[in-house]
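**Student:** Take this structure first; my questions come after.
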Amino acid sequence: MRDDSDVRYQVRSTPEISAEVRNSGPAGSTAPRLLAVDDVADSAELVARIAQRCGFESRFTCDPTAVEGLIQDWHPCVVVTDISMPGMDAIELVRVLKHAEFGGELLIVSGLEPWMLEQAGKLATMRGLTVRAKLRKPLDARALRGHLTEAQVPA
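Using the numbering used here, the letters of the sequence shown map in sequence onto residues 1396 to 1550.
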């Protein structure tokens, strides 16, 4: 049986898009914040739960168009994101992160070819983003935990 006691639901909508954003972690927490973005809900939720176990307050969304608003409103210090989602590719995602003035660390996750993952990381770095890691799917939870515990987060 799944315990959802730590998950709250918030629905944001626009005329064309309904974006579900789920939170985990205690309300009013001073823990560092992590936003997980993946069009596959199970993947996004897995990242958020791992982050929570690493001491982060986490949120996840399956709607990449919600990313800019979430970064501007919630100010995560880490974003873990897939780079191949319907409606947004790596180039557009990097543009959105830069436009939202995301100044934290980025972990890029993808099931695409390794060279695509590498190029997405290079693009993000060239645009001034800090890339902590580039991880392949299926996601290695141990590797993700290692990167999260090493992330440079505000004290």
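For each residue, glycine too, the CB sits at the ideal point set by N, CA and C.
Taking the DSSP output, what are the residues bridged to L1501?
**Tutor:** V1474, V1526
**Student:** Hey, how far is the Cα of A1538 from the Cα of C1472?
**Tutor:** 19 Å
**Student:** Assign L1543 to buried or exposed, taking buried as 16 or more other Cβ atoms, counted over all protein chains shown, within 10 Å of its Cβ.
**Tutor:** The residue in question, L1543, is buried, as its Cβ has 16 or more Cβ neighbours within 10 Å.
**Student:** Alpha carbon to alpha carbon, what distance is there between S1505 and S1479?
**Tutor:** 7 Å
**Student:** For the candidate residues L1501, R1448, V1432, whose alpha-carbon lies nearest to that of R1540?
**Tutor:** R1448
**Student:** If we ignore side chains and look at the alpha-carbon of each, how far apart do C1457 and V1432 end up?
**Tutor:** 6 Å
**Student:** Do L1501 and V1474 have their C-beta atoms within less than 8 Å of each other?
**Tutor:** yes
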